[in-house]
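Residue numbers for the sequence shown follow my numbering, beginning at 140 and rising by one.
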Amino acid sequence: MKVEHRGPASLEEKKEFDQVTFDQIQEIDDVQKLRRLEQYMRDEGFPSTADAARVRLHEMGSRTFADDEELARREAEEELNRAREELTSWKAELGALKTSKQGKTSHQEVPAVRDGVTQGSSNNIKEVVEESLDASEVEWMAEREKEKGNELFKSGEYKECVEAYDKSIDLLPKAATLANRAAAKLKLKLYDSAIEDCTQALEQDPKYVKVLMRRAVARMELMQYEEAYDDIQAALGLAPGNKELEKMRDRVLRKMPQTVTKVQIEEVSDSEDSEEAEAEEIDEDEIGKIVEITDEEPKEEDIGKIEEIVDEPPAVKEVQRSEPAAAKTQSRTKIEIEICSDSSEDESSDGEEEAGVVGQDGGRGESPSAQGPAAESPSVDENALANELKVKGNKAYASGDLNAALHWYTESIKRKECSLVYSNRAQVHLKLGHQNSAISDCTKALRLDSKNIKATYRRAVAFKEAGRIKEALSDYEKVKGKLPNRDDIVKQIHILRQKIEGDLSIEDSKGGAKPTHPKPAKASPAKSPAKSIQEALERTLEQQQKQQLPVPNSSTEFETNVRFIRKNPAELAKYIYQIPPEKFAVLFKNAFTSEILGSTIEGLLAGFDQGGEAFTFCHTVLASFTQADRFSITSKMLSSKQKVCLGELFTRLSEASPSAGGEDIDLASLKKGYGVK
């Protein structure tokens, strides 16, 4: 007997179900179609629509799949109760038999002991459900639940995401789904449970590198450093040269006992990668990131990323790559002395990194505490507290709370002076307009670590904003020595040199001397230094604003660009409106995330100018999304803020609708498709 489908029988029927209305449900006479509709809507999370289909089925004298399952459950419970009664009766008879047999010879035959019931009613129910499905249907349902979990993960709904993965794993426990659930549990800080999922996934696929990395992260959070180290080493054996794995290994080694750390540093101190010895912290918000989960080897960008907490030219992060080979090589003896001179260094060395920066050439400047007696070194508790306060400062900065960031960085420095924390606090001072304080912090950072190129760059910016042009030029030239090919740094040097030459020209004219070689690029004597600097900054800003992101060629490129500019409504709108409206149908013809849809709506609203062209553009873009697969589901996953933007956008579209004689475009159907009243 062929098993009845429990979902849409075809792609066409699925599309019909996605767009079905209450009135249409009342007109359906096909019982089996109604049963499929009721089950599909309940599985997809639309109980009101499912209830409407269920009422219609009951009116027609039929049952839903859920009714069948309830009936099967009751029958299973009745069967279980009968078995329990038989077991109770049998135990009573056996007890009476043993009593009557006492004192008799042992050669008399004893009835064989029967097996008791070992499974509860919940398992029986699952068996009844699964017996009604063939293998292909079980796989289809498991895949659908996994995809639902992926969508929930992307929208940040991690608890619901785990529940969807639970259903998928109950039906078909695949390694990829277990890996996805482990990623979600990392987000929820359920580290023990995440380790269990990773272990199960590795039993199916021992070479699953991404799962090894996730289990290592969970074990590091639980301070199981030796086990985490074993996972990282196993992953490196499968993916040699993976930079994120090497950084994780260095970090866990710093957390392990001193003897282990010392041996590891001896092994890598003379290698070409010694600049990675001060590995960056792993951002828990990016660990286990999934877009499409597969069984392929992971890319570096999938795990271990860390957000930049500061605004500056991206070139500054490349300094450690441009160091001469001679500067990378360090003495093995020197490293041993550094470790042994302060036993707490192993516990706190990851506090030395700066958020978003990959170490400073594997080395560290000599601090006053390192030069003084060992008794004056910070304790292990002080180091841990300093690092904790630094992390709070990073989070406050990332959230835009500059005063809180300033407070936490200051408290961290009170516990332990650190070059990178001074550099971070200098960046906060720059944001607040405290140039002199920023200069002071950068100077202290450079005293502790002369190779801190970020501190050099920030001090150059602070000098320039404070009008100390010569000092700014000196620091910019130091940065250029590390980054000789960066046009932005070269440009700043050129501007500052012109300013200095202009000032010299003014001084010469006041003293009666005439310049021997007049240069047309010199600043006018009538302009003050502050005004000249301001004009240069305005020109630089204007040139940066003229740079426009290109029209995307794929949905991935669109999503990447939108993530980069979505915090700036004006730039987001400018980017959205430069894309030909008909291109959206091509970019998102298959599927898209709620993040893409929400960001597009925000950009459309930010750039709406009440004109007829804006009306046509927005209508075309919004209509394009409705043609994609799973639109009805994805559109319901918008955040509350994005739904407000959507309502406001439709309000403006209604106000800007073409007047009589213009193009007649019906907004009602489009609003209905988006669920806007």
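No residue lacks a Cβ here, since even glycine has one placed at the ideal position from N, Cα and C. These numbers were taken from a predicted model, which means no experiment stands behind them.
Is the beta carbon of residue i less than 8 angstroms from the beta carbon of residue j?
{"i": "D588", "j": "A565", "result": "no"}
{"i": "F731", "j": "A709", "result": "no"}
{"i": "L173", "j": "L196", "result": "yes"}
{"i": "L792", "j": "C757", "result": "yes"}
{"i": "A543", "j": "A537", "result": "no"}
{"i": "I632", "j": "A601", "result": "no"}
{"i": "S294", "j": "S779", "result": "no"}
{"i": "P278", "j": "L311", "result": "A quick correction: the sequence has Glu, not Pro, at residue 278. Yes, Cβ-Cβ distance for E278 and L311 is below 8 angstroms."}
{"i": "Y548", "j": "K570", "result": "no"}
{"i": "F754", "j": "L736", "result": "no"}
{"i": "A584", "j": "S551", "result": "no"}
{"i": "E787", "j": "L744", "result": "yes"}
{"i": "Y596", "j": "V567", "result": "no"}
{"i": "I715", "j": "G746", "result": "yes"}
{"i": "K555", "j": "N533", "result": "no"}
{"i": "V170", "j": "S149", "result": "no"}
{"i": "A323", "j": "F292", "result": "yes"}
{"i": "Y368", "j": "R390", "result": "no"}
{"i": "A318", "j": "V356", "result": "no"}
{"i": "S558", "j": "A594", "result": "yes"}
For residue i, name the three-state secondary structure that DSSP assigns.
{"i": "S694", "result": "helix"}
{"i": "Y561", "result": "helix"}
{"i": "G812", "result": "helix"}
{"i": "T549", "result": "helix"}
{"i": "K293", "result": "helix"}
{"i": "G532", "result": "helix"}
{"i": "R625", "result": "coil"}
{"i": "F731", "result": "coil"}
{"i": "E721", "result": "coil"}
{"i": "Y714", "result": "helix"}
{"i": "Y596", "result": "helix"}
{"i": "Y615", "result": "helix"}
{"i": "A577", "result": "helix"}
{"i": "E787", "result": "helix"}
{"i": "E794", "result": "helix"}
{"i": "L777", "result": "coil"}
{"i": "D805", "result": "coil"}
{"i": "G737", "result": "helix"}
{"i": "E521", "result": "helix"}
{"i": "L587", "result": "helix"}
If you compare alpha carbons, which of the options is closest to residue i?
{"i": "L785", "options": "E214, S796, Q766, L809", "result": "L809"}
{"i": "P719", "options": "K570, T759, A322", "result": "T759"}
{"i": "I592", "options": "G572, K603, E214, Y615", "result": "Y615"}
{"i": "L329", "options": "Y347, R354, V348, E342", "result": "R354"}
{"i": "S694", "options": "N707, L176, K722", "result": "K722"}
{"i": "I772", "options": "Y813, L311, E218", "result": "Y813"}
{"i": "R358", "options": "D336, E342, L377, K346", "result": "D336"}
{"i": "L817", "options": "K394, L341, S613", "result": "Because the chain in this structure spans residues 140 to 816, residue 817 falls outside the shown range and cannot be described."}
{"i": "C300", "options": "A378, K590, G288, R223", "result": "G288"}
{"i": "S738", "options": "R769, N700, F754", "result": "N700"}
{"i": "A303", "options": "L351, E296, K285", "result": "K285"}
{"i": "G376", "options": "L392, V356, Y347, Q363", "result": "Y347"}
{"i": "E151", "options": "V170, K630, V391, L176", "result": "L176"}
{"i": "E604", "options": "Q574, R636, S613", "result": "Q574"}
{"i": "I164", "options": "R181, V194, T203, G146", "result": "V194"}
{"i": "Y179", "options": "E166, E198, Q158, D168", "result": "Q158"}
Of all the CB atoms in chain B, is at least one closer than 8 angstroms to the CB of residue i?
{"i": "L806", "result": "Reference to chain B is not applicable here, since this structure consists of a single protein chain."}
Starting from residue i, follow the alpha helix (DSSP H) in both directions and report where the run begins and ends.
{"i": "F747", "result": "Per DSSP, F747 belongs to no alpha helix (DSSP H) and is neither H nor E."}
{"i": "Q766", "result": "Where Q766 is concerned, there is no enclosing alpha helix (DSSP H), given that its DSSP letter is neither H nor E."}
{"i": "N707", "result": "Counting along the chain, N707 falls outside any alpha helix (DSSP H), and DSSP gives it neither H nor E."}
{"i": "G606", "result": "Note, G606: premise wrong, no alpha helix (DSSP H); not H, not E."}
{"i": "A367", "result": "364-377"}
{"i": "Y330", "result": "330-343"}
{"i": "N319", "result": "314-326"}
{"i": "E385", "result": "382-394"}
{"i": "K349", "result": "348-360"}
Would you say the beta carbon of residue i is closer than 7 angstroms to some non-hydrogen atom of the ligand SAH?
{"i": "Q171", "result": "Only the bare structure without any ligand can be found here, which leaves the ligand SAH out of the picture."}
*Run through the stretch 141-217 for me and flag every whole alpha helix (DSSP H) of 4 or more residues, listed as ranges in chain order.*
150-157, 161-166, 170-182, 186-198
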